[in-house]
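Worksheet: one structure, shown below.
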Amino acid sequence: MHPVLAKKLIMKNGIIILMMLISQVSKGQTLQTVHGIVKDRQEMSWYIVQEKLWKKEIDANKKNPVAWSNYYEAVRAQYLLTGKETSEVKPFVDKLNKITDDLYALLPDSFEANYLMYRNYGDRGAKEYFKYLQRAFEIDPNDQRVYELFITQYEMDRNESGFHDFCVRYFMANELPSGVYNWAYNMISETDQNAILFTGGDLDTYPIWGLQEAKNIRKDVRVINTYLLLDDTYRTKILAEMGIPPFTKNMSDCKTEEERAQNETALFKHILTNQQNIPVYVASNIVFQFQENFGDNLYMTGLTYKYSAEPIDNISLIRRNYEKKYLLDYLNQSFSFHPGDKMIARVNSTYLPAFLKLYFHYRDGEETEKAETLKAYIIEISRRADCYNDVIKLIEK
């Protein structure tokens, strides 16, 4: 259930109705592994029920680390789905802290306890908690949950050998479905040589790093995660490596959200307009972060937007990327299976804006065969992304 709907129900009819609805949902649910929302996103009500079910398991056996881990993930998912208002998320933060502390107090030598100590408290690579991540890896080096965290830590430390090692482990562990790597490959393939590519989340960052390190694909491209970029020490290091002058303001000195937002905008401008003539691209799934301040200079080229102070004939770039750069067979048929296949439909939906633009270009230019081939891709993508009706209206219009 969406949190806004839940709040309306509470306001209108009281907490009893909400609990009745959750109770009805829970009757059809059994204990299930709770994955992060990036890999397997469920409705809010599903996480609420799973939280209760896993809490019962803990009450029955407090030394069940698997129960504690799933309990934590169920609460964390609710925290992430709720929003960013401090008043709304604080109860979830408090509960996550308590779960982490209680588990570590009970089972300090378990993988789960050490893993959660780092995951919960080691935000953006806080070094004082790195020992817990290392301990979790010592306990179980084959548990894939630590790989992303090691990758992030070593990226921020600029530890090239550690970063490479865990990117390869991550890729070889089959952590992600192949379709996500296909999408990541196509994204990075359209960038210029030695470009910067801004990314913002797990699915547009780790897969590209995996391809670069494990498959040696487009290692010339500098992938910069905008979330990590806000760390002052990390930012200073990578700007120096690229020959870009240092950014003189520290995010850690910001006193208000408004000041932080202003500094973030200034930072993006500092890199977008760099005097070293380094081409800069923004992944399409995070372009909203840049649209308000830089939208007039961002040109869609496919799965990314290229920054340019001068106008760009971007339809020619979209056409080039579609016809000559992309590997697209996987959109028609996939012969692999992965528990995270649901996420592929979500990431593939980012093809639609560029594909629709190119489709109209083909159609208006009477390139009928190319238009029909592309239309088939558009329809298949929109079906899987649950936006078929909207897309068809655009095409028919």
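Counting the sequence shown from 1 gives a position; the numbering used here is that position plus 47. Beta carbons: idealized from backbone N, C-alpha and C, even for Gly.
### Message
For a quick check, are the C-beta atoms of S236 and Y373 less than 8 Å apart?
### Response
yes
### Task
Taking all protein chains shown into account, decide if R430 is buried (16 or more other Cβ within 10 angstroms of its Cβ) or exposed.
exposed
### Query
Between which two residues does the alpha helix (DSSP H) harbouring M203 extend?
194 to 204
#### Entry: Neighbourhood of T273 by C-beta distance below 6 Å, restricted to the same chain and skipping five residues each side
F245, G247
### Task
Output the distance between the C-alpha atoms of I426 and D343, rounded to the nearest integer angstrom.
30 Å
### Message
Considering just the uninterrupted stretch of the alpha helix (DSSP H) at Y346, what are its terminal residues?
### Response
That residue, Y346, is in no alpha helix (DSSP H); its beta strand (DSSP E) goes 345 to 347.
### Message
Taking the beta carbon of M234 as the centre, do at least 16 other beta carbons fall within 10 Å, making it buried, or is it exposed?
### Response
buried
### Message
Looking only at its chain, what residues have a beta carbon closer than 8 Å to the beta carbon of A432, apart from the 5 residues adjacent to it on each side?
### Response
A392, R393, N395, S396, L399
### Query
Would Y168 pass as a contact of Y194 if the rule is Cβ separation under 8 Å?
no
### Message
In the DSSP output, what is F245 paired with across the bridge?
### Response
I271, V329
#### Entry: Boundaries (first-last residue) of the beta strand (DSSP E) holding Y176
Neither: Y176 is in no beta strand (DSSP E) and is coded neither H nor E.
### Query
Where I333 and N108 are concerned, what is the direct C-alpha to C-alpha distance, given to the nearest angstrom?
43 Å
### Identity of the residues DSSP links to Y94 by a beta bridge
The partner list for Y94 (beta bridge, DSSP) is empty, contrary to what the question assumes.
### Query
So does the stretch 100 to 115 actually touch the stretch 151 to 159, counting three or more Cβ pairs closer than 8 Å?
yes
### Query
For L128, which of P155, V85, R166 has the nearest alpha-carbon?
V85
### Task
Pick out whichever of A261, R192, G209 has its Cα sitting closest to the Cα of M219.
A261
### Query
Hey, out of C214, K110, E90, whose CA is closest to V122's CA?
E90
### Query
What are the boundary residues of the alpha helix (DSSP H) that includes T415?
415 to 431
### Query
Can you give the Cα-Cα distance for C214 and F184, rounded to whole angstroms?
15 Å
### Query
Where does V72 fall in DSSP's three states?
Residue placement at V72 is poorly supported in this model, since its pLDDT is 46, which falls under 50; the coordinates still yield a value, given next. In the structure shown, V72 sits in a helix (DSSP, three-state: H, G or I).
### Residues near L314 in its chain [Cβ-Cβ closer than 6 Å; skip 5 each side]
F294
### Query
Could you check where the beta strand (DSSP E) with T129 kicks off and where it finishes?
No beta strand (DSSP E) contains T129, which is instead part of the alpha helix (DSSP H) from 112 to 129.
### Query
With DSSP run on the structure shown, which of helix, strand or coil describes Y369?
helix
### Query
Taking all protein chains shown into account, do 16 or more other C-beta atoms lie within 10 angstroms of the C-beta of P254, making it buried, or fewer, making it exposed?
buried
### Task
Would you mind stating whether E120 and G83 have Cβ atoms separated by less than 8 Å?
yes
### Query
When the distance is taken between beta carbons, is Y165 closer than 8 Å to L196?
yes
### Task
Might you give, ordered along the chain, the residues of its own chain that have their beta carbon closer than 7 Å to the beta carbon of Y151, omitting 5 neighbours on each side?
A160, M164
### CB-CB length for D267 against N241, believed under 8 Å
5 Å
### Task
Kindly identify the DSSP beta-bridge partner or partners of Y352.
V329, M347
### Query
Do the stretch 347 to 356 and the stretch 324 to 338 touch if we need at least three Cβ pairs shorter than 8 Å?
yes
### Check whether Y424 and L375 have beta carbons under 8 Å apart
yes
### Query
Per DSSP, what kind of secondary structure is P400 in: helix, strand or coil?
helix
### Query
So the alpha helix (DSSP H) A392 belongs to, where does it begin and stop?
389 to 395
### Query
Is DSSP giving R265 helix, strand or coil here?
coil
### Terminal residues of the alpha helix (DSSP H) in which M219 lies
207 to 219
### Task
Confirm, please, whether the CB-CB distance from L405 to I445 is below 8 Å.
This structure gives no information on residue 445, because the portion of the chain shown stretches from 48 to 444.
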